[in-house]
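Below you'll find the structure, written out as structure tokens, and then a few comments.
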Amino acid sequence: MTKDSEPTLDELRDDSKAVIAAIHPIIPQAGELDQLLSAVDAITPAPCPEDGFWRLTPSFQGAGVEDPEAFIVEAEDVLASLGLPSDPSRRNGVVGGTAYVSAKDDGGRLIAVEAGEERTLVQYTTACSSDQSLRDSVDEARDEALSGGAPDTATLKKSRWGIRG
Numbered sequence: 001m002t003k004d005s006e007p008t009l010d011e012l013r014d015d016s017k018a019v020i021a022a023i024h025p026i027i028p029q030a031g032e033l034d035q036l037l038s039a040v041d042a043i044t045p046a047p048c049p050e051d052g053f054w055r056l057t058p059s060f061q062g063a064g065v066e067d068p069e070a071f072i073v074e075a076e077d078v079l080a081s082l083g084l085p086s087d088p089s090r091r092n093g094v095v096g097g098t099a100y101v102s103a104k105d106d107g108g109r110l111i112a113v114e115a116g117e118e119r120t121l122v123q124y125t126t127a128c129s130s131d132q133s134l135r136d137s138v139d140e141a142r143d144e145a146l147s148g149g150a151p152d153t154a155t156l157k158k159s160r161w162g163i164r165g
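Each residue of the sequence shown is one higher than the one before, counting from 1 in UniProt numbering.
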């Protein structure tokens, strides 16, 4: 992502894919990496607290971990390699057999991982951006949802009984 301008939708997707690819190996039974990466392309941007700004929030899950303490060490190493230092407002640790790891950078990227005996959850949030590509993606998703799958009226033909397909 460039410092001179707001990140584009493609740049935020590439960032999300890099984070998923880096943390995927330490998440047990997280599914096929190719499927997780292709799912990022289908994510509709979510609003940021600042009006007119958008971000991506990909997430995935896997099976549980056997050693929560060892998982924390491994996760912290992976996140540090991505430029995501431990979040100083939160303590990484184990509570009730579940490991909690979070990291955040100055640009607003945030990752939270919860790894228990039964499952592991990963939630990533990209930096916020006001780039037009994100707004266009949100508008397209909204238009598709509002159409409810209705046919495009430009392709319909008029008849004396109304409109037909």
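Think of the CB as a built atom: it goes at the ideal place given N, C-alpha and C, for glycine as much as any other residue.
By a C-beta neighbour count over all protein chains shown, 10 Å radius and 16 as the cutoff for buried, is residue 97 buried or exposed? Position 97 of the sequence shown holds residue 97. Label assigned to residue 97: exposed.
Give me, in chain order, the residues of the same chain whose beta-carbon lies closer than 7 Å to that of residue 100; leave out the 5 immediate sequence neighbours on both sides. For the purposes of this step, residue 100 is taken as residue 100 along the sequence shown, with counting starting at 1. Only 92, 93, 114 meet the Cβ criterion.
Going by beta-carbon coordinates alone, are residue 64 and residue 118 separated by less than 7 Å? Within the sequence shown, the letter at position 64 stands for residue 64. Within the sequence shown, the letter at position 118 stands for residue 118. Their beta carbons are under 7 Å apart, which means residue 64 touches residue 118 by this criterion.
Below 8 Å on the Cβ atoms is my guess for residue 9 versus residue 137; work out the distance and round it to an integer in Å. Residue 9 sits at position 9 when you count from the first residue of the sequence shown. Residue 137 sits at position 137 when you count from the first residue of the sequence shown. Contact holds; Cβ gap of about 5 Å.
Neighbourhood of residue 21 by C-beta distance below 8 Å, restricted to the same chain and skipping five residues each side: Your numbering for residue 21 matches position 21 in the sequence shown. Within the same chain, Cβ atoms closer than 8 Å to the Cβ of residue 21 are found at 33, 37, the five residues on either side in sequence being excluded.
Could you tell me which residues DSSP pairs with residue 129 in its beta bridges? Within the sequence shown, numbered from 1, the residue matching residue 129 stands at position 129. 54.
Burial state of residue 120 (16 or more Cβ within 10 Å): On the sequence shown, position 120 is the one that residue 120 refers to. Residue burial annotation: residue 120 is buried, with at least 16 other C-beta atoms found within 10 angstroms of its C-beta.
Quick check on the burial criterion: 16 or more other C-beta atoms within 10 angstroms. Buried or exposed for residue 2? Within the sequence shown, the letter at position 2 stands for residue 2. Legend: pLDDT at residue 2 = 41, less than 50; position of this residue unreliable, value from coordinates given subsequently. Flag for residue 2 reads exposed.
What number of angstroms, rounded off, separates the C-alpha of residue 86 from the C-alpha of residue 148? Taking the sequence shown and counting its residues from 1, the one referred to as residue 86 is at position 86. Taking the sequence shown and counting its residues from 1, the one referred to as residue 148 is at position 148. Looking at the two C-alpha atoms, the distance is approximately 43 Å.
I'd like the list of long-range same chain contacts for residue 47, defined as Cβ closer than 7 Å, with 5 residues on each side in sequence excluded. Residue numbering aside, residue 47 sits at position 47 when the sequence shown is read from its first letter. Taken in chain order, the residues that qualify are 54.
Unbroken stretches of the beta strand (DSSP E), 3 residues or longer, contained in the segment 5-89: Here the runs fully enclosed are 59-63.
Span of the beta strand (DSSP E) holding residue 93? As a working mapping, residue 93 is identified with position 93 in the sequence shown. It spans 93-95 - the beta strand (DSSP E) in which residue 93 sits, taken as one unbroken run.
Burial state of residue 13, where buried means 16 or more other Cβ atoms lie within 10 Å: One-based indexing of the sequence shown puts residue 13 at position 13. Around the Cβ of residue 13, a 10 Å sphere holds 16 or more other Cβ atoms; the residue is buried.
7 Å Cβ cutoff met for residue 146 and residue 45: Within the sequence shown, the letter at position 146 stands for residue 146. Within the sequence shown, the letter at position 45 stands for residue 45. Using a Cβ distance threshold of 7 Å, residue 146 and residue 45 do not count as a contacting pair.
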